[in-house]
Amino acid sequence: AQKITQTQPGMFVQEKEAVTLDCTYDTSDQSYGLFWYKQPSSGEMIFLIYQGSYDEQNATEGRYSLNFQKARKSANLVISASQLGDSAMYFCAMREGQRAGGTSYGKLTFGQGTILTVHP
Amino acid sequence: DTEVTQTPKHLVMGMTNKKSLKCEQHMGHRAMYWYKQKAKKPPELMFVYSYEKLSINESVPSRFSPECPNSSLLNLHLHALQPEDSALYLCASSQVLLQGVRQPQHFGDGTRLSIL
Numbered sequence: 004a005q006k007i008t009q010t011q012p013g014m015f016v017q018e019k020e021a022v023t024l025d026c027t028y029d030t031s032d033q034s035y036g037l038f039w040y041k042q043p044s045s046g047e048m049i050f051l052i053y054q055g056s057y058d059e060q061n062a063t064e065g066r067y068s069l070n071f072q073k074a075r076k077s078a079n080l081v082i083s084a085s086q087l088g089d090s091a092m093y094f095c096a097m098r099e100g101q102r103a104g105g106t107s108y109g110k111l112t113f114g115q116g117t118i119l120t121v122h123p
Numbered sequence: 059d060t061e062v063t064q065t066p067k068h069l070v071m072g073m074t075n076k077k078s079l080k081c082e083q084h085m086g087h088r089a090m091y092w093y094k095q096k097a098k099k100p101p102e103l104m105f106v107y108s109y110e111k112l113s114i115n116e117s118v119p120s121r122f123s124p125e126c127p128n129s130s131l132l133n134l135h136l137h138a139l140q141p142e143d144s145a146l147y148l149c150a151s152s153q154v155l156l157q158g159v160r161q162p163q164h165f166g167d168g169t170r171l172s173i174l
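So the sequence lines, in the order shown, correspond to chains E and G.
Take 4 as the starting number for the first sequence in my numbering and just add one per residue.
Take 59 as the starting number for the second sequence in my numbering and just add one per residue.
If you want it as C-alpha cells, here you go:
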C-alpha cells in the first residue's frame, strides 16, 4: 500500500510568488518523521525540512515551511518568494519508528515527487 | 557541496565488465545506504548498513555486491549488469539512534551509470 502520496506531478509558479506542494501519508505508528527533499536536474538530493509527529509547531527553514495537519495526515511544503533556482523535483518522505536489534535507522519511504517549474 | 562524496560521477560499462562505485562520508554517521533511481521516479532502497554490518537487502540481484570496509566508506561492486540497471545510484548516510526518526539522511550527488 502506498504510504506517501504526492498528487501533483507538476506545478508552475511565477518568480517571487509562494507555492504549496502537497503530501499526504499513511501510517499506524505514533512516532514518525516527515522529510522534504529537493532534487535538481544535476541529481543530488538536498534535505530541506523535517517535521516530527510529536512536534507541536510547524517546521520552518528559511523560505521553506511545512503545513502539518496531523489529523488529515498531510504535510504540505510551502515555498515562499520562489526563485528560479527552486525549479527541481521535490520529494516528500516518511520515516517510521522502526526498531532493529535495539537501534533504529528507519527506512525512508518516498512519494512519487512533484516537478516544480519557476517562471521568470 | 555535499558532505557525502560519491565517485565516479559518471560510469559507462559493458555487460561483462566489473566496476565499483564508492561513497565516503566524514559526518560520523553509522548508517549508510545505497539507492537506485530511475529518471523522474523516487529513489528505491537497495541496501542499508548499520555499524558496518549489512542490515537490509531489499532483494537486490547478486550482480550488485555492497561492502562497508569501515564506518566512513561504502562500496557497491558491479558485475555482469544488464541494460535495465542503467540509473542514478545514490549513497546516503545518517545517524543511528534509538527510535531515530528525527535524523535526516544526507545524500551524495550520485553516480550516473550506463550499461551498454
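Think of the CB as a built atom: it goes at the ideal place given N, C-alpha and C, for glycine as much as any other residue.
request  = Can you grab the Cα-Cα spacing for the pair Ser152 of chain G / Ala89 of chain G, in whole Å?
outcome  = Walking along the second sequence from the start, residue 152 of chain G turns up at place 94. Walking along the second sequence from the start, residue 89 of chain G turns up at place 31. Computed Cα separation, rounded: 5 Å.
query = Under 7 Å Cβ-Cβ, which residues of chain G neighbour Phe38 of chain E?
reply = Taking the first sequence and counting its residues from 1, the one referred to as residue 38 of chain E is at position 35. Chain G residues near Phe38 of chain E: Pro162.
query = If you draw a straight line from the C-alpha of Asn75 of chain G to the C-alpha of Pro119 of chain G, how long is it?
reply = Numbered from its first residue, the second sequence carries residue 75 of chain G at position 17. Numbered from its first residue, the second sequence carries residue 119 of chain G at position 61. For Asn75 of chain G and Pro119 of chain G, the distance between alpha carbons rounds to 16 Å.
message = Quick check: what's the CA-CA separation for Ser129 of chain G versus Leu69 of chain G?
response = As a first step, residue 129 of chain G must be located in the second sequence, where it is residue number 71. As a first step, residue 69 of chain G must be located in the second sequence, where it is residue number 11. In a straight line, the C-alpha of Ser129 of chain G is about 25 Å away from that of Leu69 of chain G.
ask   = What are the boundary residues of the beta strand (DSSP E) that includes Cys126 of chain G?
value = One-based indexing of the second sequence puts residue 126 of chain G at position 68. Counting along the chain, the beta strand (DSSP E) containing Cys126 of chain G begins and ends at 122-128.
Rounded distance between the beta-carbons of Ala145 of chain G and Lys111 of chain G, thought under 8 Å = Position 53 of the second sequence, counted from the first residue, corresponds to residue 111 of chain G. Position 87 of the second sequence, counted from the first residue, corresponds to residue 145 of chain G. About 26 Å; that fails the 8 Å criterion.
message = Using C-beta distances below 8 Å, list every residue in its chain close to Gln140 of chain G, excluding the 5 sequence neighbours before and after it, in chain order.
response = As a first step, residue 140 of chain G must be located in the second sequence, where it is residue number 82. Excluding residues within five positions, the ones whose Cβ falls inside 8 Å are Met73, Arg121, Ile173.
task = Measure the Cβ-Cβ separation of Thr117 of chain E and Gln33 of chain E and say whether it is below 8 Å.
result = Start at 1 with the first residue of the first sequence, and residue 117 of chain E comes out as number 114. Start at 1 with the first residue of the first sequence, and residue 33 of chain E comes out as number 30. Their beta carbons are not under 8 Å apart, which means Thr117 of chain E does not touch Gln33 of chain E by this criterion.
query = Going by the beta-carbon positions, is the gap between Ala150 of chain G and Val62 of chain G smaller than 8 Å?
reply = Position 92 of the second sequence, counted from the start, is the residue given in the question as residue 150 of chain G. Position 4 of the second sequence, counted from the start, is the residue given in the question as residue 62 of chain G. Yes, Cβ-Cβ distance for Ala150 of chain G and Val62 of chain G is below 8 Å.
message = If the cut-off is 9 Å on Cβ atoms, which residues from the stretch 81-92 of chain G count as contacting chain E, listed in chain order?
response = Arg88, Ala89, Tyr91
task = Classify Leu87 of chain E as helix, strand or coil using the three-state DSSP reduction.
result = The count along the first sequence starts at 1 and reaches residue 87 of chain E at position 84. If DSSP states are grouped into helix, strand and coil, Leu87 of chain E belongs with the helices.
ask   = Which ranges does the beta strand (DSSP E) cover as unbroken runs of at least 3 residues, wholly within the stretch 62-129 of chain G, from first to last along the chain?
value = 62-65, 68-71, 76-83, 89-95, 102-108, 111-115, 122-128
message = Is there a C-beta anywhere in chain G that falls below 8 Å from the one on Gly114 of chain E?
response = Walking along the first sequence from the start, residue 114 of chain E turns up at place 111. Chain G contact via Cβ: present.
request  = Consider the Cβ of Leu148 of chain G: report whether some Cβ of chain E lies at a distance smaller than 8 Å.
outcome  = Within the second sequence, residue 148 of chain G is the residue found at index 90, counting from 1. True, the Cβ-Cβ gap to chain E drops below 8 Å.
task = Could you list which residues in chain G have their beta carbon closer than 7 Å to that of Phe94 of chain E, in chain order?
result = If you number the first sequence from 1, residue 94 of chain E lands on position 91. Here the neighbours are Pro100.
ask   = Helix, strand or coil: which one does DSSP assign to Glu149 of chain E?
value = The question about residue 149 of chain E has no answer here: the residues shown for chain E are numbered 4 through 123.
task = At 8 Å on the CB atoms, spell out the chain G contacts of Lys110 of chain E, in chain order.
result = On the first sequence, position 107 is the one that residue 110 of chain E refers to. Per Cβ cutoff of 8 Å: Leu103, Val106, Ile114.
Residue nearest to Tyr35 of chain E in terms of C-alpha spacing, selected from E:Tyr93, E:Lys73, E:Ala84 = Working through the first sequence from its first residue, we reach residue 35 of chain E at position 32. Comparing Cα-Cα distances from Tyr35 of chain E to each of E:Tyr93, E:Lys73, E:Ala84, the minimum goes to E:Lys73.
task = Can you tell me the Cβ-Cβ gap for Phe113 of chain E and Pro162 of chain G, rounded? I've got them flagged as a contact below 8 Å.
result = As a working note, residue 113 of chain E is residue 110 in the first sequence. As a working note, residue 162 of chain G is residue 104 in the second sequence. The pair is not a contact, with the Cβ atoms about 13 Å apart (cut-off 8 Å).
Contact list for Phe165 of chain G against chain E, beta-carbon separation under 8 Å = Here residue 165 of chain G corresponds to residue number 107 of the second sequence, with the count starting at 1. Near Phe165 of chain G (Cβ distances below 8 Å), the residues of chain E are Tyr40, Glu47, Met48, Ile49, Phe50.
inquiry  = I'd like to know whether the C-beta of Gly13 of chain E is nearer than 8 Å to at least one C-beta of chain G.
reply    = The residue labelled residue 13 of chain E in the question sits at position 10 within the first sequence. Taking Cβ atoms only, chain G never reaches closer than 8 Å to Gly13 of chain E, which makes this a no.
query = Taking Cβ positions only, does Tyr67 of chain E come closer than 8 Å to chain G?
reply = Indexing the first sequence from 1 puts residue 67 of chain E at position 64. No, because no Cβ of chain G sits closer than 8 Å to the Cβ of Tyr67 of chain E.
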